[in-house]
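Undergrad: This is the structure I have questions about; it appears just below.
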Ligand code: B12
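Numbering (our numbering), first residue to last: 19 to 304.
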């Protein structure tokens, strides 16, 4: 670690011994630091990775500020099941200064659009798409080690409604909210609206998100579920986003705000902190 970040070995040992860097002792008495912990330390300190090749991953020294290059590497790593490599490169881009919304919108989401396109043309097997999805879920969970979690933050809950199996957007929203200081809780995909209503009652969130990638019924039936959520939310912001939100759906459902991507969500959260209750937007025909 000392060589990796250009610090002295005695400093690293001291940080371990004082608990600044969480570590464990091996039976032989060596201090052992988890890679995620190490990357989290670098992200929150003034240190940089001066010799990233020590991490032992392929192409560690590439320019991670070039989204297309990072996309290609993450695409290869995720579809071939190399989760550690995908995690390291995503972390290196994040540590290098790329914001979380930009990383999610401009690197990871295009990787999945490409996975979908290649699957559609038969260039990628279904199993590769499944592996990539599973790996991305793990990667998003592991990225939590690189952000500062506020255990006392306001509660946010969300997920997708029945008929919508898409989990990845909500995992992204959850991570983004955690990074913004919220105590975020992804309830799950494919949830009956009744279950979301129970969660609102039991968990008393201060924000609700609904991701909408696929609607398997009429817009009216979907809008009725959203109206129940809106009513139960009783003034709490309801943020809705996702690929299936075409203009007809938007016209018919109640939401505080519609977001097309993570950057818009981050902007919206910044507004909410100061004026949570002033963001309410009624459907256009009301
Ligand atoms: C993974 C995947 C699946 C997985 C999902 C697994 C899982 N556990 O999540 C499974 C296997 C379920 C699946 C199934 C199907 N899929 Co699919 N799938 C995909 C794929 C490859 C990635 C989707 C994804 O998660 N992307 C990453 C997310 C983060 O990107 P995103 O959805 O664009 O989200 C961004 C914004 O929309 C926004 N956002 C989204 N939600 C929210 C919420 C909030 C609050 C906010 C603020 C923002 C926000 O922010 C995100 C970041 O910018 C896409 C390809 C693609 N273009 O995305 C195809 C794709 C969507 N699938 C497709 C198809 C055809 C299907 C199936 C019909 C296949 C089949 N024959 O069974 C089924 C339909 C299932 C259903 N009921 O709808 C097509 C859809 C074509 C179309 N025109 O509708 C696509 C486009 C692939 C393709 N190129 O053909 N799929």
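For every residue, glycine included, the Cβ atom is placed at its ideal position computed from N, Cα and C. Just so you know, these numbers come straight off a predicted model, no measurement behind them.
(1) Using 7 Å as the threshold, is the C-beta distance between residue 113 and residue 60 below it?
(2) Report back the beta-carbon spacing between residue 176 and residue 191 to the nearest angstrom; my notes put them in contact at under 8 Å.
(3) Please tell me whether residue 198 and residue 287 are closer than 7 Å, where the distance is taken between their beta carbons.
(4) Would you check if the distance between the CB atom of residue 92 and the CB atom of residue 144 is smaller than 7 Å?
(5) Once DSSP output is grouped into helix, strand and coil, what is the label at residue 50?
(6) Determine the DSSP secondary structure at residue 200, reduced to helix, strand or coil.
(7) How about the segment 176-185 and the segment 232-242: do they share at least three Cβ pairs that are nearer than 8 Å?
(8) Could you give the first and the last residue of the continuous beta strand (DSSP E) run that contains residue 178?
(9) Do residue 157 and residue 104 come within 7 Å of each other at the CB atom, strictly closer than that value?
(10) Taking just the CA atoms, how far does residue 65 sit from residue 31?
(11) Hey, residue 4 and residue 245: beta-carbon distance below 7 Å or not?
(12) Check residue 254 in the structure and name its three-state DSSP category.
(13) Can you find the residues in the same chain that come closer than 8 Å, C-beta to C-beta, to residue 222, ignoring five residues on each side of it along the sequence?
(14) Does the beta-carbon of residue 173, which I'm using as the reference point, lie nearer than 6 Å to any heavy atom of ligand 1?
(15) Counting only the same chain and skipping the five closest in sequence on each side, list residues whose C-beta sits under 7 Å from that of residue 299.
(16) Which same chain residues, not among the five before or five after residue 225, have their C-beta less than 6 Å away from its C-beta?
(17) Assuming residue 120 and residue 281 form a contact by the criterion Cβ under 8 Å, report the distance between their Cβ atoms to the nearest whole angstrom.
(18) Go ahead and pull the three-state DSSP assignment for residue 206.
(19) Fully enclosed by the segment 101-146, which alpha helix (DSSP H) runs are 4 residues long or longer?
(20) Which residue from 85, 154 and 19 puts its Cα closest to that of residue 67?
(21) For residue 142, collect the residues of the same chain with a Cβ closer than 8 Å to its Cβ; drop the 5 residues on either side in sequence, then sort them by chain order.
(22) Whose C-alpha, out of 84, 86, 37 and 69, is nearest the C-alpha of residue 78?
(23) So, is residue 247 buried or exposed, given that buried needs 16 or more other C-beta atoms within 10 angstroms?
(24) Let me make sure I understand the geometry here. Which of 21, 95, 203 and 186 has the alpha-carbon closest to that of residue 260?
(25) Would residue 209 and residue 230 qualify as a contact pair, given that the criterion is a beta-carbon distance under 7 Å?
(26) What is the C-beta distance between residue 189 and residue 204, in whole angstroms, given that I count them as a contact (C-beta under 8 Å)?
(27) Applying the 10 Å Cβ sphere with the 16-neighbour rule, what's the burial state of residue 159?
(28) What number of angstroms, rounded off, separates the C-alpha of residue 51 from the C-alpha of residue 88?
(29) By Cβ distance, which residues of its chain are closer than 7 Å to residue 40, with the 5 residues on each side in sequence left out?
(30) I'd like the span of the beta strand (DSSP E) that includes residue 275, first residue to last.
TA: With the structure as the only source:
(1) In contact: residue 113 and residue 60 (Cβ atoms closer than 7 Å).
(2) Taking 8 Å as the upper bound for CB-CB distance, residue 176 and residue 191 are in contact here, some 6 Å apart.
(3) Yes, these two residues count as a Cβ contact at 7 Å.
(4) No, the pair does not count as a contact, with Cβ atoms beyond the cut-off.
(5) Residue state, collapsed to three classes: strand.
(6) Here residue 200 carries a coil assignment [DSSP, helix/strand/coil].
(7) Short answer: they touch.
(8) Counted as a single uninterrupted DSSP element, the beta strand (DSSP E) harbouring residue 178 occupies residues 173-179.
(9) Contact check for residue 104 against residue 157 passes: the beta carbons are separated by less than 7 Å.
(10) C-alpha separation (whole angstroms): 16 Å.
(11) The chain is shown from 19 up to 304; residue 4 falls before or after that span and cannot be answered.
(12) Residue state, collapsed to three classes: coil.
(13) Excluding residues within five positions, the ones whose Cβ falls inside 8 Å are 173.
(14) At a cut-off of 6 Å, the beta-carbon of residue 173 does not count as near ligand 1: no heavy atom of the ligand is closer than that.
(15) Reliability of the predicted coordinates at residue 299 is poor, the pLDDT of 43 falling under 50, and no value is obtained from them.
(16) 174 and 255, listed in sequence order.
(17) The C-beta distance from residue 120 to residue 281 rounds to 7 Å, short enough to meet the 8 Å contact threshold.
(18) In the three-state reduction of the DSSP assignment, residue 206 falls in the strand class, which pools E and B.
(19) Look at the segment 101-146 and you find these whole runs of alpha helix (DSSP H), each 4 residues long or longer: 101-113, 118-121 and 127-138.
(20) Measuring C-alpha to C-alpha distances from residue 67 to each of 85, 154 and 19 identifies 19 as the nearest.
(21) The beta carbon of residue 142 is closer than 8 Å to those of 97, 133 and 136 in its chain, skipping five residues each way along the sequence.
(22) Of the candidates 84, 86, 37 and 69, the one whose C-alpha sits nearest the C-alpha of residue 78 is 69.
(23) By the neighbour-count rule (16 or more Cβ atoms within 10 Å), residue 247 is buried.
(24) Measuring from the Cα of residue 260, the nearest candidate turns out to be 186.
(25) In this structure, residue 209 sits away from residue 230, with a CB-CB distance that is not shorter than 7 Å.
(26) Your pair residue 189 and residue 204 checks out as a contact, with CB atoms roughly 6 Å apart and the cut at 8 Å.
(27) In summary, residue 159 is exposed, with fewer than 16 beta-carbon neighbours lying within 10 Å of its beta-carbon over all protein chains present.
(28) Roughly 26 Å between the two C-alpha positions.
(29) Closer than 7 Å at Cβ, skipping near neighbours: 55.
(30) That run of the beta strand (DSSP E) goes 275-277.
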